[in-house]
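Step one of this worksheet: look at the structure below.
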Amino acid sequence: MTRTSAGEFINTNNVVNVSASTTAASGTIGGVAGTSGDTDVYVSNQTNGWAFFTFADVAANLPTATVSNGIPVPPGTVRVFSLPGTAQIVSVILAAGATSGNVGFVRGLGI
Numbered sequence: 002m003t004r005t006s007a008g009e010f011i012n013t014n015n016v017v018n019v020s021a022s023t024t025a026a027s028g029t030i031g032g033v034a035g036t037s038g039d040t041d042v043y044v045s046n047q048t049n050g051w052a053f054f055t056f057a058d059v060a061a062n063l064p065t066a067t068v069s070n071g072i073p074v075p076p077g078t079v080r081v082f083s084l085p086g087t088a089q090i091v092s093v094i095l096a097a098g099a100t101s102g103n104v105g106f107v108r109g110l111g112i
């Protein structure tokens, strides 16, 4: 378990890490999708560069992440976002100059 910046605990065993680089990569959001209550998504940028992500309900609807269309997450930080409960897939890219690393995603209620 890990405590979030809001003081809540999150089960980090459910985190899905996407191996990110300056080329877009995709992956899933850990946890159970499809419920309207699980709209909070914990994003952990474990890299040395800014990460940018996009999300969708299915791969066919997923826009490829770029630094201009993605939601930004600073390097070495954790952020919590409210996304639609149906969001289950992400695309991630790192800003130029960053080295590759993991960006973790997990959903939950009130994380």
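Start counting the sequence shown at 2; every next residue gets the next number (my numbering). By construction, the Cβ of each residue, glycine as well, lies at the ideal position given by its N, Cα and C atoms.
Drop a sphere of 10 angstroms on the beta-carbon of N46, count the other beta-carbons inside from all chains shown, and report buried for 16 or more, exposed for fewer. Walking along the sequence shown from the start, residue 46 turns up at place 45. Under this definition N46 is a buried residue.
Residue ranges of each beta strand (DSSP E) within the segment 31-95, 3 or longer: 41-46, 52-57, 72-74, 79-83, 90-95
Do I30 and L63 have their CB atoms nearer than 8 Å? Locating residue 30 in the sequence shown gives position 29, counting from the first residue. Locating residue 63 in the sequence shown gives position 62, counting from the first residue. Going by C-beta atoms, I30 is not nearer than 8 Å to L63.
Near T55, what residues of its chain come up, given a Cβ to Cβ distance below 8 Å and the 5 sequence neighbours on each side ignored? As a first step, residue 55 is located in the sequence shown; it is residue number 54 there, counting from the start. L63, P64, T65, A66, N70, G71, I72, V91, S92.
T29: first and last residue of the uninterrupted beta strand (DSSP E) it sits in: Locating residue 29 in the sequence shown gives position 28, counting from the first residue. It spans 26-29 - the beta strand (DSSP E) in which T29 sits, taken as one unbroken run.
Is the beta carbon of W51 closer than 8 Å to that of A21? Here residue 21 corresponds to residue number 20 of the sequence shown, with the count starting at 1. Here residue 51 corresponds to residue number 50 of the sequence shown, with the count starting at 1. Not in contact: A21 and W51 (Cβ atoms no closer than 8 Å).
At which residues does the beta strand (DSSP E) containing G102 begin and terminate? Counted from its first residue, the sequence shown places residue 102 at position 101. Taken as a continuous stretch (DSSP letters only), the beta strand (DSSP E) holding G102 covers 102-109.
So what does A21 bridge to, in DSSP terms? In the sequence shown, the residue the question calls residue 21 occupies position 20. Per DSSP, G102.
Are the beta-carbon atoms of R108 and D58 separated by less than 8 Å? Here residue 108 corresponds to residue number 107 of the sequence shown, with the count starting at 1. Here residue 58 corresponds to residue number 57 of the sequence shown, with the count starting at 1. No, they are not a contact pair.
Could you tell me whether the Cβ atoms of G28 and V16 are closer together than 8 Å? Start at 1 with the first residue of the sequence shown, and residue 28 comes out as number 27. Start at 1 with the first residue of the sequence shown, and residue 16 comes out as number 15. Not closer than 8 Å, so no.
Work out the CA separation of T78 and T87 for me, nearest whole Å. On the sequence shown, residue 87 is found 86 positions in, with the first residue counted as 1. On the sequence shown, residue 78 is found 77 positions in, with the first residue counted as 1. Their backbone Cα atoms lie some 25 Å apart in a straight line.
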